[in-house]
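Q: When you read off a place in the sequence shown, starting at 1, and then add 2, the result is the number in our numbering.
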Amino acid sequence: MLYIMIKPPPAELRQVCARRSTYGLDDSYPADRLHCTMLRLGDEADWPSSRLEQLRTLLGTISAEPFPVAFDLIAGNLLRGARGMPLAAAFHRVLRQKAEMCGVTIEHNFWLHLTLAYRGVAIAAARKIEPISWMVEEFLLIRSDRGHEPLGRWPLQQRQLALAL
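(1) Please report the Cβ distance between Ala128 and Ala77, rounded to the nearest whole angstrom; I am assuming they are in contact, meaning their Cβ atoms lie under 8 Å.
(2) Mark Pro10 as exposed unless 16 or more other C-beta atoms lie within 10 angstroms of its C-beta, in which case mark it buried.
(3) Of all the beta strand (DSSP E) runs that stay within the bounds of the region 21 to 53, which reach a length of 3 or more residues?
(4) When you compare each of Leu75, Gln159 and Leu61 to Val18 by their alpha carbons, which one comes out closest?
(5) Drop a sphere of 10 angstroms on the beta-carbon of Gln91, count the other beta-carbons inside from all chains shown, and report buried for 16 or more, exposed for fewer.
(6) Using 8 Å as the Cβ pair cut-off and three pairs as the minimum, do the region 50 to 69 and the region 23 to 40 touch?
(7) Counting C-beta neighbours from all protein chains within 10 Å, is the total for Asn79 16 or more, i.e. buried, or is it exposed?
(8) Below 8 Å on the Cβ atoms is my guess for Cys38 versus Leu114; work out the distance and round it to an integer in Å.
(9) State the start and end residues of the unbroken beta strand (DSSP E) segment that holds Glu140.
(10) Name the DSSP beta bridge partners of Gly78, please?
(11) Measure the alpha-carbon distance for Ile6 versus Asp48 and round it to whole angstroms.
(12) Label Lys130 either buried or exposed according to how many other C-beta atoms from any shown protein chain fall within 10 Å of its C-beta, with 16 as the threshold for buried.
(13) Just to confirm, are Leu60 and Leu4 a CB contact at a threshold of 8 Å?
(14) Does DSSP put Arg16 in a helix, a strand or coil?
(15) Under the three-state reduction of DSSP, which class applies to Glu183: helix, strand or coil?
(16) How far does the beta strand (DSSP E) with Pro68 in it reach, from first residue to last?
(17) Rounded to whole angstroms, what is the Cα-Cα separation between Val123 and Pro133?
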């Protein structure tokens, strides 16, 4: 399977893993594979090498600034943002547009989340938690058949200069 993902930086990844432990969720999914799916692109067999190269080229043309994500709700086995994340949703639309230029139809429903566990017991009722947040500074194209094999990595770059106050 092919995905476009964002992943938490090391310090925030440690927080995510600690939450998984705190809530008694299964920790058999490797920490280095914890991620937020921005786009599910389907089976790699549906992506001939020329089409995959076209996608990589289009993803390289994205000019976007880093954006914050904040997860302040646990529901089942997912971390979510209680109010959604409009900047992540806007970035999803940009990614979706690039994928659709390669002939892929992408579902329009999007609510950023981070799955903490893929097995075992889930939290029965959604509840607020102390937020885990970070600035998304890159996105990745990943082959996930056996692990997470990066097929591309693109930085998000601040375009506006910060003003000294």
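Even for Gly, the Cβ is constructed at its ideal location relative to N, Cα and C.
A: The answer reads as follows:
(1) Counting from 1 along the sequence shown, the entry for residue 128 is found at position 126. Counting from 1 along the sequence shown, the entry for residue 77 is found at position 75. About 4 Å separates the beta carbon of Ala128 from that of Ala77, a gap short enough to meet the 8 Å contact definition.
(2) Taking the sequence shown and counting its residues from 1, the one referred to as residue 10 is at position 8. Here Pro10 is buried. Its C-beta has 16 or more other C-beta atoms within 10 Å.
(3) Counting whole runs of 3 or more residues, the region 21 to 53 contains the beta strand (DSSP E) stretches 38 to 44.
(4) In the sequence shown, residue 18 corresponds to position 16, counting from 1. Per the Cα distances, Leu75.
(5) By one-based count along the sequence shown, residue 91 stands at place 89. The residue asked about is misnamed: residue 91 is Ala in this sequence, not Gln. Burial call: exposed.
(6) Fewer than three pairs of CB atoms, one per stretch, sit closer than 8 Å, so the region 50 to 69 makes no contact with the region 23 to 40.
(7) Here residue 79 is taken as the residue at index 77 of the sequence shown, counted from 1. So Asn79 counts as buried.
(8) Position 36 of the sequence shown holds residue 38. Position 112 of the sequence shown holds residue 114. Beta-carbon to beta-carbon, Cys38 and Leu114 are separated by about 6 Å, close enough to satisfy the 8 Å threshold.
(9) One-based indexing of the sequence shown puts residue 140 at position 138. Per DSSP, Glu140 belongs to the beta strand (DSSP E) from Glu140 to Arg145.
(10) Position 76 of the sequence shown, counting from 1, holds the residue named residue 78. Paired residues: Ile125.
(11) Reading the sequence shown from its first residue, position 4 is the one you call residue 6. Reading the sequence shown from its first residue, position 46 is the one you call residue 48. For the pair Ile6 and Asp48, the Cα-to-Cα distance works out to about 16 Å.
(12) Taking the first residue of the sequence shown as 1, we reach residue 130 at position 128. By the neighbour-count criterion, in which a residue is buried when 16 or more other Cβ atoms sit within 10 angstroms of its Cβ, Lys130 is exposed.
(13) In the sequence shown, the residue the question calls residue 60 occupies position 58. In the sequence shown, the residue the question calls residue 4 occupies position 2. Their beta carbons are not under 8 Å apart, which means Leu60 does not touch Leu4 by this criterion.
(14) Your numbering for residue 16 matches position 14 in the sequence shown. Helix, per DSSP.
(15) The requested residue 183 is not part of the displayed model; the chain covers only 3 to 167.
(16) Here residue 68 refers to the residue found at position 66 when the sequence shown is read from its first residue. Counting along the chain, Pro68 falls outside any beta strand (DSSP E), and DSSP gives it neither H nor E.
(17) To locate residue 123, count along the sequence shown from 1; it is residue 121. To locate residue 133, count along the sequence shown from 1; it is residue 131. For Val123 and Pro133, the distance between alpha carbons rounds to 22 Å.
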